[in-house]
Amino acid sequence: MDVEVVRSPRRRKTVEARQVGDVLRVSIPATMTPEEEAHWVERMRRRFERRRRSTDIELPARARSLAERLGLPYPEMIRWVENQRRRWGSCTPTTGTIRLSTRLAEYPQWVVDYVIVHELAHLVEPYHDAAFWSLVSRYPRTERARGFLIAKGLEPDE
């Protein structure tokens with residue numbers, strides 16, 4: 037992806053990136069050093085690449101397939117979000133909404149599937165009790181996926 041850097045004298049602290057066609061336009065403060073510019077350009081490039089990859093995975097179809105296969109309910113909505121720093125996913129059982137961290141898009145499909153199953157189980161059991169883990173264990177790669185996520189530095193929900 038080509039990058040265009042726009043230095044703005046009005047911009048003081050914030051960095052913004054937008055995709056315009058095939059170009060990533062990164063707006064930075066005019067006072068930024070070349071090293072800071074390189075850091076922010078690379079950071080924004082990674083963020084947009086992650087976002088692009090995350091849309092490649094068709095979440096609603098994947099969630100429907102897993103829900104049907106494992107006898108779990110289908111969510112009202114499932115989507116990627118970028119604002120989850122301490123969680124891989126979250127679920128609001130009252131609205132049937134599931135949100136997955138875009139960080140998962142970099143991981144193997146079976147790991148993403150585990151997190152989807154974990155959140156689908158919350159539609160039935162909101163707490164991490166024995167009944168909840170019984171539902172999650174229907175996914176055959178549960179233990180392997182949990183180990184993978186632990187190795188990535190953030191404990192899966194206990």
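Residue 83 in my numbering sits at position 47 of the sequence shown, and the numbers go up by one each step. For every residue, glycine included, the Cβ atom is placed at its ideal position computed from N, Cα and C. None of the values given here were measured: they were computed from a predicted structure.
- Sorting V172, A141, S173 and L156 by C-alpha distance to the C-alpha of R82 places A141 at the top.
- Where Q55 is concerned, the enclosing beta strand (DSSP E) starts and stops at E52 to V56.
- The beta carbons of T130 and E112 sit about 10 Å from each other, so the pair does not count as a contact at 8 Å.
- Counting C-beta pairs with one atom in each stretch, the region 147-158 and the region 169-176 have three or more that are closer than 8 Å, which means they touch.
- When the alpha-carbon of F168 is set against those of R47, A181 and V153, the nearest one is in V153.
- Contiguous alpha helix (DSSP H) elements confined to the region 155-193 occur at 166-172 and 178-187, taking only those with 4 or more residues.
- With a contact defined as Cβ atoms closer than 8 Å, R48 and R54 miss out at about 19 Å.
- The DSSP assignment places no complete alpha helix (DSSP H) segment of no fewer than 4 residues inside the region 104-141.
- At a Cβ-Cβ threshold of 8 Å, L95 and D149 do not count as neighbours.
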